[in-house]
Amino acid sequence: MRAHHPFDVWTPPIPAAAARARARRWAHVDPARRGLVLAWVGFTLTFALARLVTGVIKIGDQDTGDVVVGGVHLHHYLWGIAIVVAVAIYGLVDRSARTRSVMGAALGVGVALIVDEIALLVTLEDVYWTSEGWSSVAVAVIIIGVVGSALAATRSGRQDD
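In terms of my numbering, the sequence shown opens at residue 12 and continues consecutively.
Now the structure itself:
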């Protein structure tokens with residue numbers, strides 16, 4: 012390895028090095044917490060993706076992307092409920108560390124799909140793009156902030172022997 016020179020310019024790590032760095036960071040996450048971390052990541056990404064997709068649908072053809080069965084629009088909170096129920100049932104069967112990680116990610120996805128339409132569930136009206144619908148965004152941002160802060164504040168690394 013060559014010595015660092017004061018005029019060297021920092022270059023981002025190559026993809027393989029970045030993957031190894033991520034793997035090392037992931038190895039320091041306590042296996043009992045991995046499901047929680049993945050739930051938070053899954054929630055955050057799914058909520059953002061759901062808002063993006065519904066925004067694109069709203070800008071374009073409103074029928075594009077909608078799931079309609081028998082003339083009834085199936086809102087995405089239904090898929091969220093199905094995912095959460097599946098995670099709960101599977102959690103009764105298998106509780107291994109690897110399964111907890113997968114279930115954590117799936118739980119985050121399911122809860123995000125439900126929270127994204129919480130205003131609809133509370134008002135029982137399709138208020139997604141109205142001012143009342145922004146309460147769903149507020150709830151999601153609060154969840155992302157509080158859970159992310161709690162995960163950071165209670166961070167515990169594995170002790171390597």
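Glycine residues also receive a C-beta, built at the ideal position from the N, C-alpha and C atoms. These figures come from a predicted structure and were not determined experimentally.
Quiz item: Can you find at least 3 beta carbon pairs, one from the region 110-124 and one from the region 55-63, that sit closer than 8 Å?
Solution: Judged by Cβ distances under 8 Å, the region 110-124 makes contact with the region 55-63, as three or more pairs qualify.
Quiz prompt | Status (buried if at least 16 other CB within 10 Å, exposed otherwise) for T165 | solution = exposed
Quiz item: Among all the DSSP beta bridges, which residues are the ones paired with V83?
Solution: V80
Self-check item: Inter-stretch contact (C-beta, 8 Å, three-pair minimum) for the region 151-159 and the region 89-102
Solution: no
Self-check item: DSSP state of V5 mapped onto helix, strand, coil
Solution: The requested residue 5 is not part of the displayed model; the chain covers only 12 to 172.
Exercise. Determine the burial state of S142: buried for a count of at least 16 other Cβ atoms within 10 Å of its Cβ, exposed for fewer.
Key: exposed
Quiz item: What does V64 pair with, by DSSP beta-bridge criteria?
Solution: Per DSSP, none; premise fails for V64.
Quiz item: Taking just the CA atoms, how far does W145 sit from T110?
Solution: Between T110 and W145, the C-alpha separation is close to 34 Å.
Practice problem: Find the nearest neighbour of S112 within the set A50, I68, S147 and P26, judged by alpha-carbon distance. | Solution: A50
Self-check item: Within 8 Å, strictly: CB atoms of V98 and L85
Solution: no
Self-check item: Own chain, CB closer than 7 Å to L47, minus 5 neighbours either side, in chain order
Solution: G115 and L162
Quiz item: In three-state DSSP terms, what is I129?
Solution: helix
Exercise. Closer than 6 Å by C-beta to T57: which residues in its own chain qualify, once you throw out the five before and the five after it? Chain order, please.
Key: V120 and A123
Exercise. Take the Cβ of E128 as the centre, count every other Cβ of all protein chains shown within 10 Å, and call the residue buried at 16 or more, exposed below.
Key: buried
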